[in-house]
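Report on the structure given below.
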Amino acid sequence: MAYQLYRNTTLGNSLQESLDELIQTQQITPQLALQVLLHFDKSINSALANRVRNRVNFRGSLNTYRFCDNVWTFVLNDVEFREVTDLVKVDKVKIVACDGKTRPPQSGSTSGQRGALL
3 MAYQLYRNTT
13 LGNSLQESLD
23 ELIQTQQITP
33 QLALQVLLHF
43 DKSINSALAN
53 RVRNRVNFRG
63 SLNTYRFCDN
73 VWTFVLNDVE
83 FREVTDLVKV
93 DKVKIVACDG
103 KTRPPQSGST
113 SGQRGALL
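For what it's worth, the numbering used here labels the leading residue of the sequence shown as 3, then goes sequentially.
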């Protein structure tokens, strides 16, 4: 079972909305929609782990942090993201980092060192 962390992204939300619409119009079953979401979870985790090679540096003021169930959550204020010549400034960002080398728990909670900006 892969982390479901990326279902809350724009891509994940769009997929879920499309699947819900297909279920409502009875074009697919809820079981098929669940299989599609599970395949999405595996695919997005694999793609981010194996295909993305870009690095971004960031700096900001730490507002809060938490480590619970092997998941780090950081909230930063006044953050600057730098990639070579590009600079992006944001007021607030939440970073969730999970250990990508361990299996996520079966209970549905996310854990694990793959990160996502939410």
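We put the beta carbon where it would ideally sit given N, CA and C, even for glycine.
key: Under 8 Å between C-beta atoms of N65 and L78   = For this step, residue 65 is matched to residue 63 along the sequence shown. For this step, residue 78 is matched to residue 76 along the sequence shown. Yes, these two residues count as a Cβ contact at 8 Å.
Buried versus exposed call for N56 [16 or more other C-beta atoms within 10 Å across all chains shown] = If you number the sequence shown from 1, residue 56 lands on position 54. With fewer than 16 Cβ atoms within 10 Å of its Cβ, N56 is classed as exposed.
task = Give the range of the alpha helix (DSSP H) segment to which D71 is assigned.
result = On the sequence shown, residue 71 is found 69 positions in, with the first residue counted as 1. Looking at the DSSP string, D71 is not in any alpha helix (DSSP H), and its letter there is neither H nor E.
request  = Could you pull out every unbroken alpha helix (DSSP H) segment of at least 4 residues lying fully inside the stretch 20-99, listed in chain order?
outcome  = Counting only unbroken stretches of 4 or more residues, the alpha helix (DSSP H) elements lying wholly within the stretch 20-99 are 32-52, in sequence order.
query = Buried or exposed: which applies to C70, given that a residue is buried once 16 or more other Cβ atoms fall within 10 Å of its Cβ?
reply = Sequence index remark: in the sequence shown, residue 70 carries index 68 (1-based). So C70 ends up on the exposed side.
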